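Participant:
In the working numbering, the protein residues as written are 70 to 209.
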């Protein structure tokens, strides 16, 4: 299984972009991994994807809909297409992989997650500067 995971990371690092338009994705490890590998991402600006798209573009959903088990976001085909073209043309200088790596390491490393949970369990609040606000991950 480890070989497959390493292979998937290698392929992700060779990709021009990771495309993940999603209706219900609450949290996507491939989005974080791609950014760590230096691959820009295109996501739907919905739930965690809105917070964790640092290197790439997060496209506003076309619409939100209520289904039996909750809200979903309908990805925008036009917005996603334009985002892919924008990535192809080159991202702006302030949209950089170094910032993405720094934010992901600060908020998602094993140390950061354990420290946040420890503080939350001990004191009922996350540590200052963790990016966690009221028990919920804050956005950029």
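C-beta atoms are modelled at their ideal positions from N, C-alpha and C, and glycine is treated no differently.
Predicted model only: the values in this text are computed from it and were never measured.
Please classify residue 82: is it buried, with 16 or more other beta-carbons within 10 angstroms of its beta-carbon, or exposed?
Facilitator: Flag for residue 82 reads exposed.
Participant: Can you check whether the CB of residue 144 is closer than 8 Å to the CB of residue 130?
Facilitator: Contact flag set, yes.
Participant: Within this structure, are the beta carbons of residue 94 and residue 116 separated by less than 8 Å?
Facilitator: Contact flag set, yes.
Participant: For residue 114, does the three-state DSSP call read helix, strand or coil?
Facilitator: In this structure, residue 114 counts as coil in the three-state DSSP scheme.
Participant: Helix or strand or just coil, what does DSSP make of residue 75?
Facilitator: Helix, per DSSP.
Participant: Looking at the strands, I want to know which residues DSSP matches up with residue 127.
Facilitator: According to DSSP, which records beta bridges pairwise, residue 127 is partnered with 112.
Participant: Does the Cβ of residue 100 have 16 or more other Cβ atoms within 10 Å, making it buried, or fewer, making it exposed?
Facilitator: Counting Cβ neighbours within 10 Å, residue 100 comes out buried, since at least 16 surround it.
Participant: Please report how far the alpha carbon of residue 139 lies from the alpha carbon of residue 91, in whole angstroms.
Facilitator: Going by the C-alpha atoms only, they are around 14 Å apart.
Participant: Mind checking which residues open and close the beta strand (DSSP E) that includes residue 140?
Facilitator: Start and end: 139-143.
Participant: May I ask you to report which of helix, strand or coil DSSP gives residue 209?
Facilitator: The pLDDT assigned to residue 209 is 35, lower than 50, so where the model puts this residue is not dependable; a value taken from the coordinates is nonetheless given after this. Here residue 209 sits in coil by DSSP.
Participant: The alpha helix (DSSP H) that contains residue 153, what's its start and end?
Facilitator: Residues 146-158.
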